[in-house]
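K.L.:
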Ligand SMILES: O=C(CO)[C@H](O)[C@H](O)COP(=O)(O)O
């Protein structure tokens with residue numbers, strides 16, 4: 239099995255804390271995600287800062303775009319994003335716009351399937367448009383209501399779409415093996431790392447668990 243990537247969700251609002259957390263976990267993760275509240279608060283300058291600081295890491299900007307896809311995402315790809323997210327619920331015109339912006343910068347587009355009623359249909363149509371990554375995502379509010387991403391991951395992984403699958407939503411040490419075995423190519427972790435007494439130690443553990451599960 240190809241080594242799954244670990245994506246660190248940087249979900250603080252504070253610019254300096256975000257950069258400091260990235261520095262702590264950098265040895266153990268493959269992708270830095272600038273989370274949605276974080277990018278809304280800090281904007282394109284944080285993309286430029288992380289791009290300059292980490293030229294060799296993948297950088298995902300979790301825009302969760304809902305409209306004006308090409309226009310909104312274009313600025314973030316231009317600033318150095320490798321991947322931007324667009325909401326599946328936004329519709330195919332907006333998804334196509336983000337994909338168009340990504341192509342201009344030789345970058346990629348992730349579809350966030352959060353709250354999409356027919357996730358399989360949305361995923362199939364997005365792949366036809368050229369999206370490279372499907373994001374299975376149980377958001378923080380849904381997590382608080384007791385939901386998990388595992389059933390959705392199994393459904394979308396089972397479609398055999400030939401694109402990478404990302405999974406997010408409370409993933410932690412205890413669930414890493416389950417999501418790797420279910421077929422996730424990108425494991426997103428936020429609170430289980432940034433909420434730990436030692437984020438670096440937690441990231442190191444998750445790296446070991448992901449690599450062991452994929453071996
Ligand atoms: O995109 C997000 C919320 O919308 C989070 O970044 C994502 O859910 C990962 O964080 P956690 O591991 O804490 O769930």
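Numbering (our numbering), first residue to last: 239 to 453.
Heads up, the beta-carbon is just placed ideally off N, CA and C, and yes, glycines get one too.
Given the structure is predicted, the values throughout are model-derived calculations rather than measurements.
Pop quiz: residue 311 and residue 301 are said to be a contact at Cβ under 8 Å. What is the actual Cβ separation, rounded to whole angstroms?
P.N.:
As a first step, residue 311 is located in the chain shown; it is residue number 73 there, counting from the start. As a first step, residue 301 is located in the chain shown; it is residue number 63 there, counting from the start. 6 Å between Cβ atoms; contact.
K.L.:
Should the stretch 376-384 be called in touch with the stretch 326-338, which here means at least 3 C-beta pairs below 8 Å?
P.N.:
no
K.L.:
In chain order, which beta strand (DSSP E) runs of at least 3 residues are fully inside the stretch 305-386?
P.N.:
321-325, 346-350, 371-375
K.L.:
If we call anything under 8 Å between Cβ atoms a contact, is residue 422 one with residue 431?
P.N.:
Mapped onto the chain shown, residue 422 falls at position 184. Mapped onto the chain shown, residue 431 falls at position 193. For residue 422 and residue 431, no; Cβs fall outside 8 Å.
K.L.:
Looking at the strands, I want to know which residues DSSP matches up with residue 270.
P.N.:
Along the chain shown, one-based indexing puts residue 270 at 32. BP columns for residue 270 point to 246, 297.
K.L.:
I need the DSSP call for residue 241, collapsed to helix, strand or coil.
P.N.:
The count along the chain shown starts at 1 and reaches residue 241 at position 3. Three-state DSSP puts residue 241 in coil, outside helix and strand.
K.L.:
Helix, strand or coil: which one does DSSP assign to residue 410?
P.N.:
Working through the chain shown from its first residue, we reach residue 410 at position 172. In the three-state scheme derived from DSSP, where H, G and I count as helix and E and B as strand, residue 410 is classed as coil.
K.L.:
Identify, in the order they occur along the chain, each residue of the same chain with its Cβ nearer than 8 Å to the Cβ of residue 285, setting aside the five sequence neighbours on each side.
P.N.:
In the chain shown, counting from the first residue as 1, residue 285 sits at position 47. Within the same chain, residue 285 has close Cβ partners 272, 277, 297, 299, 314, 317, 318, 319.
K.L.:
Compute the Euclidean distance between the alpha carbons of residue 340 and residue 262, then round it to the nearest angstrom.
P.N.:
For the purposes of this step, residue 340 is identified with residue 102 of the chain shown, where counting begins at 1. For the purposes of this step, residue 262 is identified with residue 24 of the chain shown, where counting begins at 1. Cα to Cα, residue 340 sits roughly 29 Å from residue 262.
K.L.:
Could you give the first and the last residue of the continuous beta strand (DSSP E) run that contains residue 427?
P.N.:
By one-based count along the chain shown, residue 427 stands at place 189. Taken as a continuous stretch (DSSP letters only), the beta strand (DSSP E) holding residue 427 covers 424-427.
K.L.:
Could you please give the first and the last residue of the uninterrupted alpha helix (DSSP H) stretch that includes residue 259?
P.N.:
Along the chain shown, read from residue 1 onward, the residue named residue 259 stands at position 21. First-last of the alpha helix (DSSP H) with residue 259: 253-263.
K.L.:
Using only the heavy atoms of ligand 1, determine whether one of them is closer than 7 Å to the beta carbon of residue 380.
P.N.:
Locating residue 380 in the chain shown gives position 142, counting from the first residue. Residue 380 Cβ: outside cutoff for every heavy atom of ligand 1.
K.L.:
For the alpha helix (DSSP H) that contains residue 440, what are its first and last residues?
P.N.:
If you number the chain shown from 1, residue 440 lands on position 202. It spans 437-452 - the alpha helix (DSSP H) in which residue 440 sits, taken as one unbroken run.
K.L.:
Measuring straight from C-alpha to C-alpha, what distance separates residue 356 and residue 366?
P.N.:
Taking the chain shown and counting its residues from 1, one reaches residue 356 at position 118. Taking the chain shown and counting its residues from 1, one reaches residue 366 at position 128. The alpha-carbon atoms of residue 356 and residue 366 are separated by roughly 16 Å.
K.L.:
With H, G and I counted as helix, E and B as strand and the rest as coil, what does DSSP make of residue 401?
P.N.:
By one-based count along the chain shown, residue 401 stands at place 163. Residue 401: coil per DSSP, three-state reduction.
K.L.:
Residue 401 and residue 508 - do their beta-carbons sit closer together than 8 Å?
P.N.:
What is shown of the chain runs 239 to 453, which leaves residue 508 out entirely.
K.L.:
Going by CA-CA distance only, name the one from 376, 264, 429, 363 that's closest to residue 397.
P.N.:
Locating residue 397 in the chain shown gives position 159, where the first residue counts as 1. Looking at the Cα atoms, 363 is the closest of the given residues.
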